[in-house]
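Q:
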Amino acid sequence: MRGVTRAGFLALLASCGPEAEGGPVPADAATDAAGLDAAAAGDGVNAPPERRADLEPGPFLPLTADGQAILDAAGRQVILRGLEHHALQDVDYVGREVGPEDYARIASWGFTMLRLAISWSRIEPERGRYDDEYVAQIADALDRAEGAGLAALVEWHQDLWGRCSQADDSTFRVNANGAPDWTCPDDYVPSLLGHWELFDRLWANEDGLGDAFLDAWQVVIDSVGEHPALLGYDVINEPQGSGGSPAFERDRLFPALGAIVPDLRARGARGLLVLDAPALRNETFEMWVEPLGHLGPDLVFAPHLYSGWMRMYLARERVPPEDKAADFAAAEEQAAGLGLALWNGEWGVNLSLNGAIADLETHVASEDAARIGSSYWAFQRAVPGQGDDSISGGQSLLDEDGDVRQDVLDRLSRPYPIQSPGRLSRVAFDFETARLDVELDAETTIDAPLVLYAPARILGPRSCLTVDGPGDWSWDELRERELVLVGLAAEGRWSIRLERC
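For the sequence shown, the working numbering assigns the number 549 to the initial residue and increments by one for each residue that follows.
Okay, here's the thing in structure tokens:
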């Protein structure tokens, strides 16, 4: 597989200074321009040497959520970026395993987490019998994530409920996964939308199905619940059911979550609990909303902002920018109505469509504008023979040969503020100029620096940064990790620009 170069590393603070005719201008205590001498000093950060200090990135886990944002252990706002890890998913279209060396590669691209898909069908293949070997594989994946410096969100994955929901000759049989066959009653007739009634059985705890779901979660929690790489749990991927919106959310999903969330906490589920949006919402952008904050702390709302997955794959049409904007606007409004922090739990672009890279840029610009992170689907490749335009390979980070799609990686693995000591008001990255702009309202009660991911692959070996704000600041770089650290010593609005020199 083609590796990705990791060089010098970047930059942060200071140097290119405020723009003025004729180049950088002198700076006061809050704004500095390093000038030509610093620019000639070699690779790395172009910033005032007198402001360099020994800074540490500070803690990451445990993560919490306060109803507006995801926060790290120091109280900094976190933009949580990661990739879907689905090598443990029980599905026919998985194209490759995630090897031991892949975890470090993923971390080197600036991602901080994995959305680790697991399958009920492998946890409990027969009712009441749990597969200890499979559960141990989940723990092993967390061990490898920890070794690479990655956190893991353990995600209860399903699509179309499970294989038993679809007929053997159904076009969608290959996509159906998640629940074990024993969850389909003997009188169930497989059909494309028949899985809605199977979800209804879960929400109503019919035949004890809801209890079995929680008991299977208990097996996972008992195995990995104290793991140092665990950031939390994604309760169930893309929940569904009959009734449509608003009836589904109001009468089925939210009442069920009112029991499931406290039960999982009582069973020892620590960290974030991620609540996926209903699958139908991800196509229509619409859902019933009511406050859910009373269910407990550290809840995250996670729509999947494909902005029309079926449009991309079934109609083979690109998502118009106005639809992408509408999807994000709806998600922000829904998160506010729920009283939960927002995170894009899953997304992708059909890379076989002309203009797909432009669509990637439109999407990531929307994420930056919303100041949120996401998990991209997926770190996988197409099953050989299916082709890169298949559902399995059409949006993956790896092509059919297993090589990294560099143009995709460069959009996903762009500079960004990983941890911010205050609330972000602006994040924007310009691919043409390779310039990152960050604005935040710093809080001095947070004793940890701003942490920026600054890949030399994007920014070049020498990067400039301007810092402007109400007081003193300092900087440091961890070149081997492509991180720039900025200490902000005063409360108030700060502006940071990091760009290719």
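Beta carbons are placed, not taken as given, at the ideal position from N, Cα and C, and that holds for glycine.
Hey, how far is the Cα of D916 from the Cα of G789?
A: In a straight line, the C-alpha of D916 is about 32 Å away from that of G789.
Q: Could you compute how far the alpha carbon of L1050 sits from the alpha carbon of D735?
A: No answer is possible for residue 1050: it lies beyond the span of the chain, which begins at 549 and ends at 1049.
Q: Using the C-alpha atoms, what's the distance from A889 back to D846?
A: Straight-line Cα distance between these residues: approximately 8 Å.
Q: With respect to the alpha helix (DSSP H) encompassing N830, which residues constitute its N-terminal and C-terminal limits?
A: Counting along the chain, the alpha helix (DSSP H) containing N830 begins and ends at 829-832.
Q: Fully enclosed by the stretch 804-876, which beta strand (DSSP E) runs are 3 residues long or longer?
A: The stretch 804-876 contains these whole beta strand (DSSP E) runs: 820-824, 847-850.
Q: Roughly how many angstroms separate the alpha carbons of G592 and L603, rounded to a whole number?
A: G592 and L603: Cα-Cα distance of roughly 16 Å.
Q: The beta strand (DSSP E) spanning F977 covers which residue range?
A: Where F977 is concerned, the enclosing beta strand (DSSP E) stretches over 970-978.
Q: My guess is that T832 and K872 are in contact by the Cβ rule of under 8 Å, so how many angstroms apart are they, rounded?
A: Not really, about 14 Å apart at Cβ, beyond 8 Å.
Q: Taking the CB atoms as reference points, tell me whether I618 and L628 lie closer together than 8 Å.
A: Their beta carbons are under 8 Å apart, which means I618 touches L628 by this criterion.
Q: Three or more beta-carbon pairs under 8 Å between the stretch 855-867 and the stretch 879-894, yes or no?
A: No contact exists between the stretch 855-867 and the stretch 879-894.
Q: Among N723, Q954, V737, whose alpha-carbon lies nearest the alpha-carbon of W657?
A: Checking every option, the nearest Cα to that of W657 belongs to Q954.
Q: Can you give me the C-alpha to C-alpha distance between A976 and G742, rounded to a whole angstrom?
A: The alpha-carbon atoms of A976 and G742 are separated by roughly 43 Å.
Q: L988 and L1046 look like a contact to me (Cβ under 8 Å); what is the Cβ gap, rounded to whole Å?
A: Not really, about 13 Å apart at Cβ, beyond 8 Å.
Q: For G758, I'd like the list of residues in its chain whose CB is within less than 6 Å of its CB, leaving aside the five on either flank, ordered along the chain.
A: The residues are L750.
Q: Determine the direct distance from the alpha carbon of A817 to that of R677, and round the result to whole angstroms.
A: Straight-line Cα distance between these residues: approximately 21 Å.
Q: Y781 lies in the beta strand (DSSP E); which residues open and close that run?
A: First-last of the beta strand (DSSP E) with Y781: 778-782.
Q: So, helix, strand or coil for T1014, using DSSP?
A: Three-state result, T1014: strand.
Q: When you compare only the Cα positions, how much space is there between I966 and G1019?
A: Those two C-alpha atoms are separated by around 22 Å.
Q: Among Y854, E948, L901, Q928, which has the Cα closest to the Cα of S914?
A: Nearest option by C-alpha distance: Y854.
Q: Between A877, Y651, Q706, which has its C-alpha nearest R919's C-alpha?
A: Nearest C-alpha to R919: A877.
Q: Tell me the rounded alpha-carbon separation between G942 and L1033.
A: Their backbone Cα atoms lie some 36 Å apart in a straight line.
Q: As an exercise, report each continuous alpha helix (DSSP H) stretch of at least 4 residues that is fully enclosed by the stretch 632-703, in chain order.
A: Within the stretch 632-703, the complete alpha helix (DSSP H) runs of at least 4 residues are 648-656, 668-671, 680-695.
Q: Return the CA-CA distance between R1029 and Y651, expressed in angstroms with no decimal places.
A: R1029 and Y651: Cα-Cα distance of roughly 14 Å.
Q: According to DSSP, which residues form a beta bridge with Y736?
A: In DSSP, Y736 forms no bridge with anything.
Q: In whole angstroms, what separates the C-alpha of E797 from that of A635?
A: Their Cα atoms are separated by approximately 31 Å.
Q: In angstroms with no decimal places, state the Cα-to-Cα distance between D978 and G780.
A: If I take the Cα positions, the gap works out to 32 Å.
Q: Can you tell me where the alpha helix (DSSP H) with D958 in it begins and where it stops?
A: Counting along the chain, the alpha helix (DSSP H) containing D958 begins and ends at 954-960.
Q: Is D985 helix, strand or coil by DSSP?
A: Three-state result, D985: strand.
Q: Decide if V867 is buried, meaning its Cβ has at least 16 other Cβ atoms within 10 Å, or exposed.
A: The residue in question, V867, is buried, as its Cβ has 16 or more Cβ neighbours within 10 Å.
Q: On a Cα-Cα basis, can you pick out the residue from C1049, R1027, S1022, L1031 that is closest to A1038?
A: Considering only alpha carbons, the answer is S1022.
Q: From G893, S900, L1031, pick the residue whose C-alpha is nearest to that of A863; which is it?
A: Out of G893, S900, L1031, S900 has the C-alpha closest to the C-alpha of A863.
Q: Using C-beta distances below 6 Å, list every residue in its chain close to A884, excluding the 5 sequence neighbours before and after it, in chain order.
A: Around A884: no qualifying Cβ.
Q: Taking the alpha helix (DSSP H) that V768 belongs to, which residues open and close that run?
A: Here the alpha helix (DSSP H) through V768 covers 757-772.
Q: DSSP beta-bridge partners for D614?
A: Answer is none; D614 lacks a bridge partner.
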